[in-house]
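Protein chains: 2
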Amino acid sequence: MRYELFYWPGIQGRGEYVRLALEDAGADYLDVGRGAPDQELGVPALDIYLSGDATPRPPFAPPFLKAGDLVLSHTANILQFLAPRLELVPEDENQRYWAHGLQLTLMDFVAEIHDIHHPLSSALYYEEQRDEAVKRAALFREHRLPRFLEYFEQVLEQNPGGADMLVGDRHGYVDLSLFQTVTGLRYALPRAMRQAEDDLPKIGALVERVAARPRLRDYLDSDRRQPFNENGIFRHYPELDGEL
Amino acid sequence: MRYELFYWPGIQGRGEYVRLALEDAGADYLDVGRGAPDQELGVPALDIYLSGDATPRPPFAPPFLKAGDLVLSHTANILQFLAPRLELVPEDENQRYWAHGLQLTLMDFVAEIHDIHHPLSSALYYEEQRDEAVKRAALFREHRLPRFLEYFEQVLEQNPGGADMLVGDRHGYVDLSLFQTVTGLRYALPRAMRQAEDDLPKIGALVERVAARPRLRDYLDSDRRQPFNENGIFRHYPELDGEL
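Chains as they are written, first to last, in full-length UniProt numbering: chain L, 1 to 244; chain B, 1 to 244.
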């Protein structure tokens, strides 16, 4: 099956979590949002779905995935659908609920990371909420960053299948998502992450392991991998990293 | 099966979304967090799981559910697990992915509703971030409140199974969650909701329909239903409702 991924072009965003799973599994997919409008791709192709014209069940926002007749939205929901098909989650049903709960925890973390540069509203520019962002970011670095990261370090430590992966005894999709989140945080908050990572050896090892997977390494080196930038979730503003 | 729901006592919070499904279905469940510590219930019973002592797979935060050996976290994940067992979602797999995507959209909405009174950090009191909250709430009322509500109105309008429910042609768990969210918003932002609801007849009808379901009405009238208050997600602060 050729999957169709719908996500805004120009940023990694939440779409990247889906891309990493597809790329790591070597799946056949079309990155609709990055295609050309004169080929019925690009942003207009997304808009047809978001408006409710293409389906009576319109997604609220990208990313969404088309798989045959099924259109489904939300990063964690898409990954839950794809993972068994891409062999990125154990067979056992209980393990799948556990994996999905971890993925939802990561998506909560991602939402909080986004809001450090947009504490008031996504309808305003960063520059219009910079003062509030500086306050929110300091509190995030103090409370939330260690809370989330230490949780995932503990999950790795306690995983009955081994500390190399989050779920079961094989590499899986939640590992890819943790990789993406930590990589993004290193870009956005290098100073805070240097301090935090001293106490997170298992997360560090997981990120190294994932980055060395052949298909993923090829993807990260290709121009299919868009760079981090200041339009996405993970933005590097030195003042939000405690450099004033 | 007797389900065990773990959630903080004293607030409806995200736990209420799970309670409504259990109550509407007449399921047997134990509300662990509201029990007495001398019966090994209450907050200490939650802490044993959150610390990682009770299971190698600790939840990050409440709510979480114990069903036999399975412990699973995150409101939408719990509801996805319960819904087939409580007959609150269609059999069809595609409809289940659609329902879960809608539920995740609602949970995103709930997170944004929470953050109007806590735009900087949950580690600070409301009074310490009141000025920022007034700004965030005004932008929320202008942009996000109509955006989310109009989306759900459209989903009802376009539902091939009928505008009385969000998914398929029968009452289901996402209807209960929309009911809870709208009811909470009417408590928190009565002024903004009076204006918004003029254009949301189908949501209004759904809320009325759900409230009239016999088991749910009994629950809402019982003391198992905790009142809304200013510790939960939906808080009524007049200054956040545009009354200055």
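We put the beta carbon where it would ideally sit given N, CA and C, even for glycine.
As the structure is a prediction and not an experimental result, all values here were calculated from the model.
In chain order, 44 place their CB closer than 6 angstroms to the CB of residue 37 of chain L, counting only its own chain and leaving out the 5 sequence neighbours on each side.
The C-alpha of residue 182 of chain B lies about 11 angstroms from the C-alpha of residue 196 of chain B.
Taking one beta carbon from each stretch, the segment 52 to 61 of chain L and the segment 118 to 131 of chain L have fewer than 3 pairs nearer than 8 angstroms; the two do not touch. In this structure, the straight-line span from the alpha carbon of residue 93 of chain L to that of residue 100 of chain L is close to 11 angstroms.
Within chain L, the C-beta atoms nearer than 7 angstroms to that of residue 135 of chain B come from 120, in chain order.
The DSSP-derived three-state label of residue 206 of chain B is helix. A direct Cα-Cα distance of roughly 15 angstroms separates residue 219 of chain B from residue 209 of chain B. Within chain B, no C-beta atom comes less than 8 angstroms from the C-beta of residue 177 of chain L; the nearest is roughly 14 angstroms away.
Every alpha helix (DSSP H) stretch that sits fully inside the segment 84 to 127 of chain B and reaches 4 residues is listed by chain position as 93 to 117. With respect to chain L, the C-beta atom of residue 52 of chain B has a partner C-beta closer than 7 angstroms. Using a CB distance cut-off of 7 angstroms, residue 97 of chain L counts as an interface residue toward chain B.
In this structure, the beta-carbon distance from residue 17 of chain L to residue 83 of chain L does not fall below 7 angstroms.
The residue among L:81, L:11 and L:90 with its C-alpha nearest the C-alpha of residue 166 of chain L is L:90.
Setting aside the 5 residues that flank it on each side, residue 7 of chain B is surrounded in the same chain by 15, 33, 62 and 63, each with a C-beta closer than 6 angstroms to its C-beta; the list follows chain order. When beta bridges are read from the DSSP output, residue 142 of chain B appears opposite no residue. Residues of chain B with a Cβ closer than 7 angstroms to the Cβ of residue 100 of chain L are, in chain order, 77.
The C-alpha of residue 179 of chain B is placed about 5 angstroms away from the C-alpha of residue 207 of chain B.
Residue 96 of chain L is classed as buried because its beta carbon has at least 16 other beta carbons within 10 Å across all chains shown. Shown here, residue 167 of chain L sits in coil according to DSSP, grouped into three states, outside any helix or strand. Residue contact with chain L for residue 235 of chain B: absent (no Cβ-Cβ distance below 7 angstroms to any residue of chain L). For the segment 16 to 72 of chain B, the full-length beta strand (DSSP E) segments reaching 3 residues or more read 29 to 31 and 64 to 67 along the chain. Distance from residue 27 of chain L to residue 72 of chain L at the Cβ level is roughly 16 angstroms; contact not present, criterion being Cβ atoms closer than 8 angstroms.
Within the same chain, and ignoring the five residues on either side of residue 169 of chain B in sequence, the residues whose Cβ sits closer than 7 angstroms to its Cβ are 161 and 162.
Under the three-state reduction of DSSP, residue 6 of chain L is assigned to strand.
Residue 160 of chain B has a beta carbon lying within less than 7 angstroms of a beta carbon in chain L.
Annotated three-state conformation of residue 197 of chain L is helix, per DSSP. Sequence-distant Cβ neighbours of residue 200 of chain L in its own chain, meaning closer than 7 angstroms and more than five residues away, are 149 and 153. Beyond the five residues adjoining it in sequence on each side, residue 225 of chain B comes within less than 7 angstroms, by CB distance, of 219 in the same chain, given in chain order.
As the crow flies, the alpha-carbon of residue 115 of chain L is around 20 angstroms from that of residue 227 of chain L.
Of the other Cβ atoms in all chains shown, fewer than 16 fall within 10 Å of the Cβ of residue 158 of chain B; this residue is therefore exposed. When DSSP states are grouped into helix, strand and coil, residue 159 of chain B belongs to the coil group. By the C-beta density criterion, residue 188 of chain B is buried, having at least 16 other C-beta atoms within 10 angstroms.
By the Cβ-count criterion, residue 104 of chain B is buried, with 16 or more other Cβ atoms from all chains shown falling within 10 Å of its own Cβ. Cβ contact annotation for residue 185 of chain L (same chain, cutoff 6 angstroms, sequence separation greater than five): 193, in chain order.
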